[in-house]
Each structure stands twice: as structure tokens, then as C-alpha cells.
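Asker: Chains as they are written, first to last, in this note's numbering: chain W, 24 to 355; chain P, 778 to 1066; chain G, 72 to 308.
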Amino acid sequence: MADAVVVHRATRASRIAGVVAVVVVLVLASFPAWADPSTLRLFVEFACLLALAQMWNLLAGYGGLVSVGQQGYLGVGGYALVAAADLGGLNPFVCVPLAGAVAALVAVPTSKVVFRLQGGYFAIGTWVVAESLRLVASNTAAVGGGTGTSLISIREFPKAMRESVTFWIALAVAVGAVAALYWLLRSRHGLALTAIRDSERAAASQGVDIAATKFWVYVIAAFGCGVVGALYFLVNLRISPDAAFGVSWTAFVIFIVVIGGIGTIEGPIVGTLLFFVLRETLADFGTWYLIVLGLVAVVVMVRFPRGLWGYVAERFDLHLFPVRRRLTADGG
Amino acid sequence: MIGWIDTVLQGLLLGGLYALFAVGLSLMFGVMRLVNIAHGDFIVLAAFLAIGIALGVPAGPALLLAMVLPVMIAAGYGLQRGVLNRTLGKDILPPLLVTFGLSIIVQNVLLEAFSADSRGLSAGGLETQSLRIAGDLAIGWLPLITLLVALGLTFALEWLFGRTTLGRAFRATSDDPEAAGLQGIDHRHVYALATAIAFGVITVAGVFLALRTTVSPSDGPGYLLYAFEAVIIGGLGSFWGTFAGALVLGVAQAIGFRLDPGWGILVGHLVFLAVLLVRPQGLFPRTRD
Amino acid sequence: MSPLLATRGLTAFYGDFQALFGIDFEIHAGEAVAIIGANGAGKSTFLKTVSGLLAAAPERIVFDGRPIGGMPAAAIVRHGIAMVPEGRRLFPSLSAEENLLIGSYAKRNGPWSLARVYELFPALREVRALPGNALSGGQQQMVAIGRALLSNPRLLICDEISLGLSPLVVTTLYGTLPAMMREGLTVIVVEQDVGIAQRTTNRLYCFQEGRVSLQGRSSELARAAISTAYFGSGVAP
Chain W
24 MADAVVVHRA
34 TRASRIAGVV
44 AVVVVLVLAS
54 FPAWADPSTL
64 RLFVEFACLL
74 ALAQMWNLLA
84 GYGGLVSVGQ
94 QGYLGVGGYA
104 LVAAADLGGL
114 NPFVCVPLAG
124 AVAALVAVPT
134 SKVVFRLQGG
144 YFAIGTWVVA
154 ESLRLVASNT
164 AAVGGGTGTS
174 LISIREFPKA
184 MRESVTFWIA
194 LAVAVGAVAA
204 LYWLLRSRHG
214 LALTAIRDSE
224 RAAASQGVDI
234 AATKFWVYVI
244 AAFGCGVVGA
254 LYFLVNLRIS
264 PDAAFGVSWT
274 AFVIFIVVIG
284 GIGTIEGPIV
294 GTLLFFVLRE
304 TLADFGTWYL
314 IVLGLVAVVV
324 MVRFPRGLWG
334 YVAERFDLHL
344 FPVRRRLTAD
354 GG
Chain P
778 MIGWIDTVLQ
788 GLLLGGLYAL
798 FAVGLSLMFG
808 VMRLVNIAHG
818 DFIVLAAFLA
828 IGIALGVPAG
838 PALLLAMVLP
848 VMIAAGYGLQ
858 RGVLNRTLGK
868 DILPPLLVTF
878 GLSIIVQNVL
888 LEAFSADSRG
898 LSAGGLETQS
908 LRIAGDLAIG
918 WLPLITLLVA
928 LGLTFALEWL
938 FGRTTLGRAF
948 RATSDDPEAA
958 GLQGIDHRHV
968 YALATAIAFG
978 VITVAGVFLA
988 LRTTVSPSDG
998 PGYLLYAFEA
1008 VIIGGLGSFW
1018 GTFAGALVLG
1028 VAQAIGFRLD
1038 PGWGILVGHL
1048 VFLAVLLVRP
1058 QGLFPRTRD
Chain G
72 MSPLLATRGL
82 TAFYGDFQAL
92 FGIDFEIHAG
102 EAVAIIGANG
112 AGKSTFLKTV
122 SGLLAAAPER
132 IVFDGRPIGG
142 MPAAAIVRHG
152 IAMVPEGRRL
162 FPSLSAEENL
172 LIGSYAKRNG
182 PWSLARVYEL
192 FPALREVRAL
202 PGNALSGGQQ
212 QMVAIGRALL
222 SNPRLLICDE
232 ISLGLSPLVV
242 TTLYGTLPAM
252 MREGLTVIVV
262 EQDVGIAQRT
272 TNRLYCFQEG
282 RVSLQGRSSE
292 LARAAISTAY
302 FGSGVAP
């Protein structure tokens, strides 16, 4: 009689990591009570980049879509916040998810156009879209044109409350992005995505609807980037086309991805942490800091195509957020 | 009416410059399916190399070009052989991330060396001279020469690809690098040659750019987008297609600028997106089964 | 007389998967040797190691006294081994004639020229300007063979040239083998069609699961022995 085969999801390392994660989130949630404002702001920026990196991870790591234009949706999110809150009179905090929805809506027709392109050309095509959005914003006087504008309506709220709520939104965004990716990838949708990533043709022959899957991945990623955009300008208050649609957003995410690798969930977390460490230590060196980032990206990518974390994870079989299923014979 | 003809004319001449940008990108993609995100930054680098030499040595544009060409061509060969060849494979991510990293490096090295000011090259008066065609219509000599050089380079590349042994090797390697190896073609060397040639074209583009307008270190990505749009509008697989696409883009931008200065570049983007939506294979694709 | 090509204890791996388990093989100048075997027996793997498409230990493959294991394909062509790959693998971006011409990229001296190839395969003259993949299967195979000949090899390897072709075309193709060999060519033929392999070669090797299961003079091997060696476990012929 054949042994029964058991499907395992968790590993010992992942169970420990899970506990640690819950503790960390609880501690973070208490920050607004005792941490100083600059720390709160730093965390918001961290959350923004982490969420962006996870969106990129979803697109490239699982959807096989390498986009260099996600800053377009970030900008749409930021401007949607300013328009809805200042011009539309809505509660700025409520506008955060709304901004995501607006970005997702923009992504729907956009996908129709950019999906005509493949690979590297798709990447640059998304950049063209982002640039087009930037130019539209630059030419729209209602939101300040080329020089931009400020988020005014937020001033109605007292400072401490503003900072706390924004922080908790950031925490929700960070946790949400990681959790959403984790949940998505453990589901059968995640299997479909991994199948597409590994081999489109094989996936299609198994009944996976490639076009629909890519579409939803693209739209969800746009939503995430839109939310990040709104969140960022909720804190930074001053928005301009260059700040909102600048390709440097993608540059930073790319660095994070190079370090952390894609295709894992903990990779972007590791990458974002390292990015911030580097940023804080090298901030005074201006252009040299960016040159170092670029050099690291080139060297790491040539030597470790799966990213530094990807290499470590393979080498030491370390999977903290396991999305794979291990098969063992009963008793394993 | 004359105003519109003039706009189209200026657009065509602008397209000549864009053709210089685009043809190198088309070459690299055609041979090794590599999209070099730092393409525009290398054009700017070539421009600044010429500008840098001109700061110390009194030399005309032709001499500057002759001095920068060997450096850039060697750099292209070395870059492909030493770095980019290692990124080529089934995964599309490494070449994109590496060339993105190169883009950041080039921009910031130039920023360190030259500061953020925009600079240009002098053509000894040629910048302001023009050729009168009819009535009020005039074409600048420099834009005209740029267009003619672009035409010549496009012709030369088509000839290289279609009629020479190296061109055959390029096409064969692009089709099937492993089978090409079975014919004695070392694909690492062939790829590096392709990049070397592309960098030669990039150098010409950079020098003409600096003659025509001032350049600043962060201008690269913009030029990458124009080059890319020209290639897509024109259609993949043909240098003439890329040349035509560049002219279309130039005219689109010129018309946009005439409508409203803030809309110039945007009209170019919109035409590109429209072509992508309506005729994704481009206007003049070379059908290849 | 030492062999033109010899392998001793040749092993080959695809990642962790071992495909060849110690192949001893040799061919002398002027010979025609066939390699037969079922799919997955290791024939193509063996050819890949000899032609440089798959890594091997240097001293395991010796060609004309020189260890060539692990050398890149392009270098091996320059030393005088040419392969007609399985599936032809013509270049779609090149015309039929350009496909032939690319064969001479390695610039080796020898009797083969474009004119001589057209003499060998007159049917190609009419289709010389067509793109490589617009030709019929038989014509493509002729181009693939001609392309390999134009590198003026000392050793020609033909990987399953009968695949997908009608018996008449296959006979015609194999009919040109003597003419090629008169020019001093040594030939290895990999075939699924055991009959034609036996008829057109001097000696024959049978591969089975990465090992040599039978070898001998083509004219002397009996069908029963070949069947056993081919399938590995006394399957009735």
C-alpha cells in the first residue's frame, strides 16, 4: 500500500517568522503614542517603498511584467488625493483608497495599449505612459501645472491626530501589501501566476487564462501604487509633476528588487530595509550615493540574477513566507 | 498654410536627429533582443565627452567626433563583452536592471564631473546658417546635415546587415545563437561587435545633439523614450522603418509644439500610443516569419 | 592508424541529470559510422558534447590527437567538425543561399564551395533566394547539409536527417553520401531508421539509456541483436 502524501505549507523558520511578524506589527502600532514625528515620517516612507516593491514583485516576479512606469500610477494616486480632497472637499484620509481606485481605473484602458508590447519594450512603453501622465499633470492648471501645489485640506486636522492616522494608514498599507501578496500567492491564483512566470505556454495549455490574469495583476498593482502615491503626499503635502511622476521611484524600487530579489515575499522586505540603511548612512554623499546604488545594482545582478536574498534563500533553503507547497511521504 | 508646411519641415529635420537616436537602439535590439535602458544616457555621455574635450582643446566638431568615436566604440565592445553578455538569457529582468543601473551611474558620474548645467558644442556659426527654399521657408544647415547623416547611416546599416558577411552573422545569431555557433560564429564576439557599432552611432548622435542644443546630464531618459517611440512607430525589423518612425515622431512633436508649447512632447507620446493601439506592428514592419 | 575522433568513458549531465554513462566511441578517417537508438537513449546528447553544445571533460573527447571536450562550438567548427543539427535549424532571416554562405564563416580551406554544393543538390538552385523556412522539408535538409559542408569539415555529423521526410527524399539525400566521402569526408550518421543506417555505413553503434549497448560492422549485425540492444530487454522484433 503506497504511503499517503502530505502537503506541507509552513516550515519551522516560517512559523518563527510569523510570530516575530505579529509582534513587530503590534509594537509598530503603538508608535504614535511615544515615537517622535520624524521617526513616524521615516516609517511612512519605508511603508511606501515596501508596498511599491511588493507591487513590483507582483508584476515582475509573478506576472512576468517588468514595468518601468509604475510611477505613473503613483502620480495619479497623489494627484487624485489632492483633487478629491482640496477641490472635491472629501476627507483626505478617505481619499487614500479612493486614489488607488482612480489609479486602477486608469490602468484598465492603459493595459489594452501597453500589452501590445513584450519584454523590454513593454517596460519602456509603461515609462512612456508615465511620462504622458506627468505631462498632462504639468499642463493642468487646476492642480498647479508644472510647479505643482499643496494639500491644503489636511490642515483642518490637528497635527498629532494627522500624524497618528497617517502612520496607521501607512502600517495598514505595508501590512496589507505583504499580506495581500501572501494570501494571493497561496491561493490557486498564486499557482496560476507562478505557472505563467515559469512557462506561459504550459500554463495556457493547463487552462490558465493568461490575458485575464495579467490584466488583473496589472490593475491590482496600479491600485497599490495609487494608494502609495496618496499616502506619500498625505505626509509630504507638496506635490509636483516631477515629485509624483519621477522615474526615481522606479530606480529605488529596482535597487530594492536587486538586493531582495523577486519571486519571494520576504525579498522585498529585506531589500527595503537594506535600502533605508544605505540611504541613512550615505545620505550626505549626494550623487556618490546614487553611483554606489547603480554599481551595486549592476554587480549584484550580474553575479546573483535572483537578487542577494534570492541567492541566500536558495543556498540556505530559507523560506520565511512560504508560498510553495512541499510534498512529503506521510510521517515527514 | 506656409506656417504648417514650415512646421512639418522642421518636424522632419527634428526627425533626422531622432533617427540618429533610434537607429542604434534598433540595432542592439535586432541582433540580441537587448533593450538598453541607458541608451539615451550613453548619447548624453558621448555629447559630454566631446564637450569635455572641447573645453581643453580647440577642435571643430569633426575632429571631436573622430576623437570620441574610438573611445565609445571600444567602451561599447567592452561593456557588451564584460557585462551585458552575462545578463542575456531567458530572463528579461537582469538586462533591464543592469542597464537601469548603468543609466543611474552614467547620469550621476556626469553630474559629478560637469554639474547640472546644460552645455553645448559650437559649430562655428553653422548653427545659425540656413538654406532658403521658397519664399519664407528656410532650412537650417545643421538640421539638414543631421538628417542627411542619419539617412546615410541608415543606408549603411541596411547595407551592412543585408549584404555583408558580418551582417549575415548578425542576422543568424539573432535568429538562433546556438545554431550560429555550429557555423563557427562566436556569439559573444558578434554581440560585442553589434554594441560597438551601436555605440558608434550613439556617438554621432551625441555630437549632433550637442551641436543643435544644450545638453545636461539628466537628459538621457528623455532621448531613450524618443528613440524607442521611433522604433515602435516605424516597426520592428528594419532600419528604414526606424528612420521613417523617427520622422513621424519629429513631425508629431513639431505639430504639438505649434499647437501649444506645453503639448509638444505629449503629442509625440500620444501618436506613439495611438500607433500601438491601432497598428501595433508599426507603420513599416519587415515581415519575418 | 589512430582514430580521427575518439571518446573514452565520456559522461554528460544536464544539471543534476546524467545522460551519458561512459561512452567509448571511435571513428577513423574515411569511415561512415551510424549511431542508432530510441528517443532519450543519449544520441543527441553525445552529438552535443562532440560539437561543443554541451560541456564535457577535455580529455574525454579527442579529435585528430587534440582534446576538444568542453571547447565552445564555434572553436570546434574551426578545428574541422561540422554538424547538421536535428530539425535542420535554418536561419529564417537568411535566404537559402545565405544560409549556405553562412556555413563558410569559419573560413576553412577545402574542396567545398557554393558551386560544388549546387552540383550536389541541383534542386536548390531554383529556391536559392527564398527565405530559409519557406523551403520544403527535403530542400531545407539539403541546405542544412550544404551549410555544414561549406565549413570544409574533416568530420561531418548528421543528426536525424531523415526526420519528417518522405522515403524517396531520404534515399536521395543518403545517395549523396558517397560523393561527399569521395572528397575525403568522414561521416557520423545518427538515425532512427535502422535500415538506412545499416545500408549506408561501415560500422554501427547502438545507444541505450546513455550507454553503448551494441557495436559492430553494419553488414554483420543481425536484426534480433539490434532489437535487443535498441530496446534493452529482449522485446520481440
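Cβ atoms here follow ideal geometry from the backbone N, Cα and C, with glycine treated the same way. As the structure is a computational prediction, the values presented were derived from the model and not from experiment.
(1) Sorted by chain position, which residues of the same chain lie with C-beta nearer than 8 Å to P:I828's C-beta, five sequence neighbours on each side aside?
(2) Does the distance from the CB of P:S1068 to the CB of P:T1019 come in under 8 Å?
(3) Which bits of chain P does G:E222 rub up against, with CB to CB less than 8 Å?
(4) With a threshold of 6 Å on Cβ separation, who are the neighbours of W:V276 within its own chain once the five nearest residues in sequence on each side are excluded?
(5) Starting from G:D230, follow its DSSP beta bridges and name the residues at the other end.
(6) Between which two residues does the alpha helix (DSSP H) holding P:D818 run?
(7) When you compare each of P:G855, P:A1007, P:I830, P:G807 to P:A1070 by their alpha carbons, which one comes out closest?
(8) Strictly by DSSP, which residues pair up with G:Q89?
(9) Nearest to G:N223 by CA position, among P:G961, P:A946, P:L925, is which residue?
(10) Taking the alpha helix (DSSP H) that G:M154 falls in, what are its first and last residues?
(11) Pick helix, strand or coil for G:E102, following the three-state DSSP scheme.
(12) Per DSSP, G:I216 is paired with what?
(13) Residues of chain G with CB closer than 8 Å to the CB of P:S1117, please, in chain order.
(14) Residues of chain P with a CB under 9 Å from the CB of G:G246: which are they?
(15) Assuming the contact rule is C-beta atoms closer than 8 Å, P:G1045 and P:A1029 should be a hit. Round their C-beta distance to whole Å, please.
(16) Cβ closer than 9 Å: which chain G residues qualify as neighbours of P:E935?
(17) Answer yes or no: does any C-beta atom of chain G fall closer than 8 Å to that of P:R1056?
(18) Looking at P:G1027 and P:L841, is the spacing between their C-beta atoms short of 8 Å?
(19) If you reduce the DSSP assignment to three classes, tell me which class W:A330 lands in.
(20) Where does P:L804 sit, in a helix, a strand or coil, going by DSSP?
(21) Could you check where the alpha helix (DSSP H) with W:Y96 kicks off and where it finishes?
(22) When the Cα atoms are used, what is the spatial distance from P:A836 to P:T972?
(23) Looking at G:A295 and the ligand HEM, is the gap between the Cβ and the nearest heavy atom below 7 Å?
(24) Mind pulling the chain G residues with CB within less than 9 Å of P:T941?
(25) Quick check: G:G281 and G:A90, are their CB atoms within less than 8 Å of each other?
(26) Mind listing the chain P neighbours of G:Y122? Cutoff is C-beta to C-beta under 7 Å, in chain order.
(27) Can you tell me which of the three DSSP states G:R187 falls into?
(28) Compare the C-beta of W:L316 with all C-beta atoms of chain P and state if any pair is closer than 8 Å.
(29) Can you round the beta-carbon distance between W:P115 and W:L174 to whole angstroms, since I take them to be within the 8 Å contact cut?
(30) Apart from the five residues just before and just after P:A893, which ones in its own chain have a Cβ nearer than 8 Å to its Cβ?
(31) Using only the alpha-carbon positions, how far apart do G:E262 and P:E955 sit?
(32) Less than 8 Å between CB atoms is the rule here; does G:V258 satisfy it with respect to chain P?
(33) Does W:W150 have its Cβ less than 8 Å from a Cβ in chain P?
(34) Answer yes or no: does any C-beta atom of chain W fall closer than 8 Å to that of P:P871?
(35) How big is the Cα-Cα spacing for P:G901 and P:P838?
(36) Please confirm whether P:F932 has its beta-carbon closer than 8 Å to some beta-carbon of chain W.
Answerer: Walking through what the data contain:
(1) Same-chain partners within the cutoff: F891, R896, G897, L898, A987, V992.
(2) Residue 1068 of chain P is absent from the structure shown; chain P starts at 778 and stops at 1066.
(3) The identity of residue 222 of chain G in the sequence shown is Ser, whereas the question assumes Glu. Against chain P, the beta carbon of G:S222 has neighbours under 8 Å at Q960, G961, listed in chain order.
(4) If we look at W:V276 and ignore the five residues flanking it on each side, its Cβ neighbours are L75, A76, W79.
(5) According to DSSP, G:D230 shares a beta bridge with G:V261.
(6) 816-833 is the span of the alpha helix (DSSP H), which, as asked, contains P:D818.
(7) Lying outside 778 to 1066, the shown extent of chain P, residue 1070 of chain P is not represented and no answer is given.
(8) Beta bridge pairing from DSSP links G:Q89 with G:F84.
(9) For the options P:G961, P:A946, P:L925, the alpha carbon positioned closest to that of G:N223 is the one of P:G961.
(10) Note, G:M154: premise wrong, no alpha helix (DSSP H); beta strand (DSSP E) at 152-155.
(11) Under the three-state reduction of DSSP output, G:E102 falls in the coil class, being neither helix nor strand.
(12) None; G:I216 has no bridge partner.
(13) A query on residue 1117 of chain P cannot be resolved here, the shown segment of chain P reaching from 778 to 1066 and no further.
(14) In chain order: nothing, as chain P lies at least about 24 Å away.
(15) Indeed, because the Cβ distance is near 5 Å, the residues count as touching under 8 Å.
(16) Residues of chain G passing the Cβ test: none, with the nearest at roughly 14 Å.
(17) No - not a single Cβ of chain G is within 8 Å of the one on P:R1056.
(18) A distance of 8 Å or more separates the beta carbons of P:L841 and P:G1027.
(19) For the record, residue 330 of chain W in the displayed sequence is Gly; it is not Ala. Helix at W:G330.
(20) Three-state result, P:L804: helix.
(21) Element bounds for W:Y96: 94-105.
(22) Straight-line Cα distance between these residues: approximately 27 Å.
(23) Among the components of this structure there are no ligands whatsoever, and the ligand HEM is therefore not found.
(24) Those within 9 Å of P:T941 in chain G number zero; the least Cβ separation is about 11 Å.
(25) Result yes, Cβ atoms of G:G281 and G:A90 sit closer than 8 Å.
(26) The sequence as given places Ser at residue 122 of chain G; Tyr does not occur at that position. Below the 7 Å Cβ cutoff, chain P contributes L959 as neighbours of G:S122, in chain order.
(27) Looking at G:R187 - three-state DSSP - the assignment turns out to be helix.
(28) Using a Cβ-Cβ cut-off of 8 Å, W:L316 counts as an interface residue toward chain P, since at least one Cβ of chain P sits closer than that to its own.
(29) That belief holds up - the Cβ atoms of W:P115 and W:L174 are roughly 7 Å apart, short of 8 Å.
(30) Taking C-beta separations shorter than 8 Å and ignoring five residues to either side along the sequence, the partners of P:A893 in its chain run S993, P994, S995, following chain order.
(31) For G:E262 and P:E955, the distance between alpha carbons rounds to 22 Å.
(32) By this cut-off, G:V258 is not an interface position.
(33) Yes, contact with chain P.
(34) Answer yes: the Cβ-Cβ gap between P:P871 and chain W drops below 8 Å somewhere.
(35) Roughly 9 Å between the two C-alpha positions.
(36) No, its Cβ sits nowhere closer than 8 Å to a Cβ of chain W.
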